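To start, the structure under review is shown below, and the notes come after it.
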Amino acid sequence: VITLRCMVQFIGRETKYSGTLSAFATIYREEGVLGFFAGLIPRLLGDILSLWLCNMLAYLINTYALENGVRAPQGPTLGWQRGSVGVKVPFLLPQVSTMAEMKSYSQAVTGFFASMLTYPFVLVSNLMAVNNCGLAGGLLPYAPTYSSWLDCWSQLHREGNMSRGNSLFFRKVPAGKRYVWE
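Here this note's numbering is used: the first residue of the sequence shown is 2, the next is one more, and so on.
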């Protein structure tokens, strides 16, 4: 919450939070202990769903897609190497398991896929963390005020903005939306 609010104060060129300790004191004074947990419920739901999706997809891929493929030979392989006097000496070659590499890649890919699917929870959590906090970025005209995270979710869904800010390169501007330029 403190990190997001310190970033959002850049929008209005404000200095409400000048440091970590002053941010703690300001949030506690204005909102109480619950101010530190703004946006917590959608964040937890998104993280739990993301973790479940990632592990379930990785398990399915590793168990059913990769295990049914061609297996690498088991055990070490014997190789030959020239010794210090030029005589060939046998040694054991370690096996490089492409299956283990593929399984580690599948975990990374499923994590990326799960984070894409659960991005709306992160978005709602971030919006609720700065919602009506007294900073310009958390108030109109920059952001509407939401009564709860479900209200935020439903309004973003109605406007088709559930994935806003999700892509670094392919940005979209909602039709009919006006932005303030100084």
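We put the beta carbon where it would ideally sit given N, CA and C, even for glycine. Being a predicted model, the structure only gives us computed values, none of them experimental.
Enclosing alpha helix (DSSP H) for residue i [first to last residue]
i    : result
K104 : T99 to L118
S164 : Here S164 belongs to no alpha helix (DSSP H), and DSSP marks it neither H nor E.
V9   : I3 to V9
A26  : T21 to E32
N56  : L41 to L61
Where residue i falls, given that 16 or more other Cβ within 10 Å makes a residue buried
i    : result
L94  : Note that L94 has pLDDT 47, beneath the 50 cutoff, so the model's placement of it is unreliable and the number below is only indicative. The residue is exposed, with fewer than 16 neighbouring Cβ atoms inside 10 Å.
E65  : Here residue 65 turns out to be Tyr, not Glu, going by the sequence shown. It counts as exposed.
V97  : Because V97 sits at a pLDDT of 47, beneath the cut-off of 50, its placement in the model cannot be relied upon, and the point is left open.
A73  : The pLDDT assigned to A73 is 49, lower than 50, so where the model puts this residue is not dependable, and the model offers no usable value.
T21  : exposed
W150 : buried
L45  : exposed
G40  : buried
V9   : buried
V53  : It should be noted that the sequence gives Trp, not Val, for residue 53. Classification of W53: exposed, given that the 10 Å Cβ count is below 16.
V125 : buried
V71  : In this prediction, V71 scores a pLDDT of 46, lower than 50, which makes its location untrustworthy; no coordinate-derived value is stated.
F38  : exposed
F122 : buried
G161 : exposed
A109 : exposed
Whether residue i touches residue j by CB criterion (9 Å)
i    : j    : result
G138 : I12  : yes
I62  : T111 : yes
M100 : L67  : yes
R30  : K17  : no
S155 : Y120 : no
C134 : E32  : yes
T146 : N167 : no
A130 : S51  : no
E15  : L118 : no
S107 : A59  : yes
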